[in-house]
């Protein structure tokens, strides 16, 4: 059975601690749980302020500052589809003072499409926990003659290779959701990538592109105003934030259809196991708190909170799934 690299790192880290304790005069150069943290920490968000990942990071950072009694500063380091911020964390000292709040893009999706990267997410980053997940939403301009995903697919069959769907970018989770619609629906859509969700949303509102696949938050107000028609969410069930909108998985033949914009916490590889476990315990406790859970849900984010090993298995499954779709649809990175 294959062993995930983070598991090897954790076992090696534990062995180092045991050996250090057994050899007289030998201590650990890195801080242990008894002394950590002794100074402010930073939580890097690899995207600009105001997005879903940033929102979850700031919510967690505020509570984490309280429980650790050290300030946790959110630092936005955007660029290259999340790679700039993720690389900064991967290259940081593994001392527990630098964390990453990541999305699928910079740790799972970009490697799956063969994107050249200056870091290896599996080798250079240690998973801590899954903080939350938000399904994507499939919406159309009101002029589109479709009130369900089934009707949208029927329309696509009548116009093969002509019905476009806008997403925040090539190689994004949203492109993969569209690709899976093509696979399971046996249709040929046209992917229209943008440099972010805002311009994609703008063009669909203007009628330049008929279909939109993005995160839930920017669509809600326009759907309620009748400027967009929400067809479905892409989680494996309906979102509590939009209970009236069905999940794609409810459609016959689409069982298991699941694409989410998740938010996961990572630290540099070789961070002491005791610190990783402490961070996991505190962040899981934070996101599972009913008050925090309600705050996240108001923005369409469902709180998670996984043990380290559970999160590592989650990443394995995500990586394999995205890899299969990338190969089948020949999805390549945006150079």
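Residue numbers (this note's numbering): 545 to 879. Note that CB positions come from ideal geometry on N, CA and C, so glycine has one too. Since this is a predicted model, take the numbers as computed values, not measurements.
- Looking at 734, 795, 807, 849, the one whose alpha-carbon comes closest to that of residue 590 is 807.
- Per DSSP, the unbroken beta strand (DSSP E) holding residue 670 starts and ends at 669-684.
- Annotation: the continuous beta strand (DSSP E) that includes residue 805 extends over 804-812.
- Residue 687 and residue 751 have their C-alpha atoms spaced approximately 8 angstroms apart.
- From the listed residues 820, 651, 705, the smallest Cα separation to residue 627 is found for 651.
- With three or more CB-CB distances shorter than 8 angstroms, the region 797-805 counts as touching the region 773-780.
- Here residue 858 has 674, 850 as same chain residues with Cβ atoms under 7 angstroms from its own Cβ, once five neighbours each way along the sequence are excluded.
- Residue 703 sits exposed, since fewer than 16 C-beta atoms from the chains shown fall within 10 Å of its C-beta.
- Taking a contact to require three or more Cβ pairs closer than 8 angstroms, the region 838-853 and the region 634-646 do not qualify as touching.
- Under the three-state reduction of DSSP output, residue 591 falls in the coil class, being neither helix nor strand.
- For residue 759, the enclosing beta strand (DSSP E) stretches over residues 755-759.
- The bridge partners DSSP lists for residue 710 are 736, 756.
- The continuous beta strand (DSSP E) containing residue 642 extends over residues 642-646.
- With three or more CB-CB distances shorter than 8 angstroms, the region 612-625 counts as touching the region 586-601.
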